[in-house]
Structures are given as C-alpha cells and as structure tokens.
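Read the structure below first, then the notes.
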Amino acid sequence: MDKFERYSAAESSVNLSEGELRAQRTLEAARRLMDPDAGPSAAPVSSIEAELKRYVKQAYRRHSYEY
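Going by my numbering, the first residue of the sequence shown is number 1258, and it counts up by one from there.
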C-alpha cells in the first residue's frame, strides 16, 4: 500500500469539505493522467478529465522531437 492509498483510506471515514473532495478528485485525475495503465479506479472519468487527457496527448505529440 503506497502513501496515497493510506491517506485515501483514512480520509474515507471522515466527512470532507467540498474543497477537500475537489482536491481528492483532482489528485486522482492527475494520477490517472500520469499512469494511465495503472488500471481503472472507482471514480468515473468526467468529461472535463477526458478533454484534458486529449489535450495532454496532443501537446506531447506536438512537442515530441526526433533526434
């Protein structure tokens, strides 16, 4: 169990504020963007996250250089 799983498991029993919930969703989305092959998570992918994912893929394609 990595440190992110420990924190999410500990915080799941506590009532979180709206800001904390948004922060958790943002971190989860960032984690999925950084490691898309890690497997599906419990949270569904929002339309905004899907759009951001497309943008990141296009940006990396545009800025990739061949040496």
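We put the beta carbon where it would ideally sit given N, CA and C, even for glycine.
Query	Result
Pair within 8 Å by beta-carbon distance, residue 1286 and residue 1306	yes
Unbroken alpha helix (DSSP H) run spanning residue 1290, endpoints	1275-1291
Beta carbon of residue 1310 nearer than 8 Å to that of residue 1284	no
Close Cβ partners of residue 1304 (< 7 Å) along its chain, the five nearest in sequence each way excluded	none
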